[in-house]
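Working notes for the structure below.
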Amino acid sequence: MHLRTFRNYSLISLFLAHCLSGVSLPAWAASPKKENRIAIAGMARENRDNYIDAQNFVEEMYKSADSYEDYLFEYQMIAFKRGRVVEEGKFYFKKPQQIRLEETGSFRKGSIAVRGKEGKIKAKAGGGLGFIVVELSPDSGLLRSANGHPMVESDLTSLAQALRTYVKQGKSLRVTAEPIDYGEDELTEKVHILEVYHDKDQSDIFKRVTVHPRTKLPLEWWDFERGKLVSHSRWKSFKGNVGLSDQVFTIKGEKVQ
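Reading the sequence shown from the start, the letters are residues -29 to -1, 1 to 228 in mature numbering (1 follows the signal peptide of the UniProt record, and there is no 0).
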């Protein structure tokens, strides 16, 4: 390979790496202080007596998520660890493991990553290099969201499985016995609040999730490190069992109504 060609290839690779690193899991645009206030406010309002052990509830969440043959939703995410990073886009899933992620917001706009029927993951950046398609391994750093979550574990069943894993690891999980008013203007229905703690005393929070009382699907998800909020994700416009074709899970894709 000629030196000039090699340099051009390297520049393209670096540009793709920069653009594709934005392909990610869902979040909501707000300041860290506001997000922390929203997350902590719910905990302050709820007495421990209103919570029960969440193990059975988590199993219900898993069964619900796994009951769908396919689905799609819009997502919004904000991560705080490396500055304020906001992402938004669309997510498509079809059993057994087909995935499509589209970045639709101003951050990394136009980037697409898909895992097709054959299991291979392909991606392309938005903008001027959108015609270049690359194949990536599932554990590629380019397929991790702003909060570090891998694309291949971004479907709802995988998220519910993560909660099951926390139970097996001995973390303390609790959920409100009944749906409650959460105080968010956008939420017209009451929700269950599920919390994951590192410790049995439930003083070191790890995850916090609002869950739809009927579908048992997550609506919002907060991640904490050492008591500090590091990311917040939100799902909306969920549509399940819509009959997505395999063509949706190609780079070219197929329009979905």
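Ideal Cβ positions, reconstructed from N, Cα and C, are used throughout, including at glycine.
- Per the coordinates, the alpha-carbon of residue 221 lies some 42 Å from the alpha-carbon of residue 175.
- Annotation: the segment 88 to 145 contains the following complete segments of the beta strand (DSSP E) (minimum length 3 residues), in chain order: 92 to 95, 104 to 107.
- Judged by DSSP secondary structure, residue 29 falls within the alpha helix (DSSP H) whose first and last residues are 26 to 37.
- A contact between stretches requires three or more CB pairs, one per stretch, nearer than 8 Å, and the segment 136 to 146 fails this requirement with the segment 105 to 119.
- Restricted to the segment 168 to 213, the beta strand (DSSP E) segments that are unbroken, complete and at least 3 residues in length are 176 to 182, 189 to 196, 199 to 211, listed in chain order.
- In the displayed model, residue 68 falls within coil according to three-state DSSP, outside both helix and strand.
- Counting along the chain, residue 83 sits inside the beta strand (DSSP E) bounded by residues 83 to 86.
- If you draw a 10 Å sphere on the C-beta of residue 118, you find 16 or more other C-beta atoms in it, and that means buried.
- For residue 44, the secondary structure class from DSSP, reduced to helix, strand or coil, is strand.
- Nearest C-alpha to residue 210 among 135, 129, 65: 65.
- Residue 207 places its beta carbon 7 Å or farther from that of residue 35.
- A Cβ-Cβ separation of about 7 Å places residue 51 in contact with residue 200 under the 8 Å criterion.
- The beta-carbon distance between residue 46 and residue 128, rounded to whole angstroms, is 16 Å. This is too long to meet the 8 Å contact definition.
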